[in-house]
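Be aware that the sequence shown starts at 674, since it is given in the working numbering, and climbs by one per residue.
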Amino acid sequence: MYDLIVIGGGPAGLTAAIYAVRKRLNVLLISEDLGGKTNYHLDLPDVESYQIIRGVEVINKFKSELEYLRFTRLMERVEKVQKIDDGFMVVTRDGSHLETHAVIIATGTRQEWLNVPGEMDYLSKGLCYSALSYAPLFIEKDTVVIGEDDLALRSAAELAVVAHHVHVVGPSEQALQTPLGQKLTKAENVTILSEHQVVRVEGNGYCNTVV
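Next up, the structure:
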């Protein structure tokens with residue numbers, strides 16, 4: 674039985690596994706890949722590559738501490754976690770049943786795809802899914818935020834501080850009635866397009882048009 678199983682190979686999962694190893698716990702990290710969302714990086718025209726934090730480089734530093742301990746990693750998908758008398762049972766896609774005293778679930782979040790033409794063509798080429806990570810790269814640029822909930826509004830607020838202009842496409846009326854929604858509605862450099870829907874993404878090497 675393991676002391677700890679960590680589910681998820683992003684920065685949080687890797688960090689948890691590293692600390693567990695340092696504490697000499699019998700730990701296993703389970704993930705289909707290592708890096709999570711940091712495997713994506715954003716390229717923009719007129720932005721030098723050294724200005725962009727390459728997530729994969731950060732992850733490689735995490736991975737290096739686990740590299741020589743192959744028994745601490747299982748590249749597999751977790752199908753189920755269930756409680757047992759003295760801990761938990763973790764069931765993976767390959768049929769493995771792994772018992773552990775404790776579980777850390779660090780699966781993070783996944784972006785919600787637009788599912789429109791051009792999206793995959795410009796992914797990470799001007800099109801990204803984290804305003805918090807990349808807002809500093811949009812200083813004095815015209816930007817578009819797509820989404821209906823408060824997360825989209827928080828992203829717009831983050832960008833409004835540095836960007837020349839922010840267009841918010843598709844926010845719900847409920848979101849716009851919140852204090853943040855009201856504040857964005859009154860902001861001079863924010864345009865709210867509440868009854869609009871994105872139908873395609875266009876560009877020339879980099880995304881420069883949202884239709």
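Even for Gly, the Cβ is constructed at its ideal location relative to N, Cα and C.
- For Gln784, there is no enclosing alpha helix (DSSP H), as DSSP marks it with neither H nor E.
- Annotation for Val694: the continuous alpha helix (DSSP H) segment containing it runs 684-695.
- The alpha-carbon of Arg697 is positioned some 20 Å away from that of Ala779.
- In the DSSP assignment, Asp823 falls within the unbroken alpha helix (DSSP H) covering 823-833.
- Note that the C-beta distance between Leu771 and Ile691 is not below 9 Å.
- Cβ atoms of Phe761 and Thr745 stay farther apart than 8 Å, at about 18 Å.
- CA-CA distance, Asp759 to Gly781, rounds to 26 Å.
- Rounded to whole angstroms, the gap between the alpha carbons of Gly799 and Tyr675 is 43 Å.
- Scanning its chain for C-beta atoms nearer than 8 Å, with the 5 sequence neighbours on each side dropped, one finds around Gly876 the residues Gly791, Asp794, Tyr795, Lys798, Gly799, Thr882, in chain order.
- Assigned with DSSP and collapsed to three states, Gly876 falls in strand.
- For Phe811, the closest of Lys859, Glu831, Gly820 by C-alpha to C-alpha distance is Glu831.
- Inter-residue distance for Ala848 and Gly820 is about 10 Å (C-alpha atoms, whole angstroms).
- By the criterion of a C-beta distance shorter than 7 Å, Cys880 is surrounded in its chain by Tyr795, Lys798, Gly799, Leu800, Val874, once the five residues flanking it on both sides are discounted.
- The continuous beta strand (DSSP E) containing Ala775 extends over residues 770-778.
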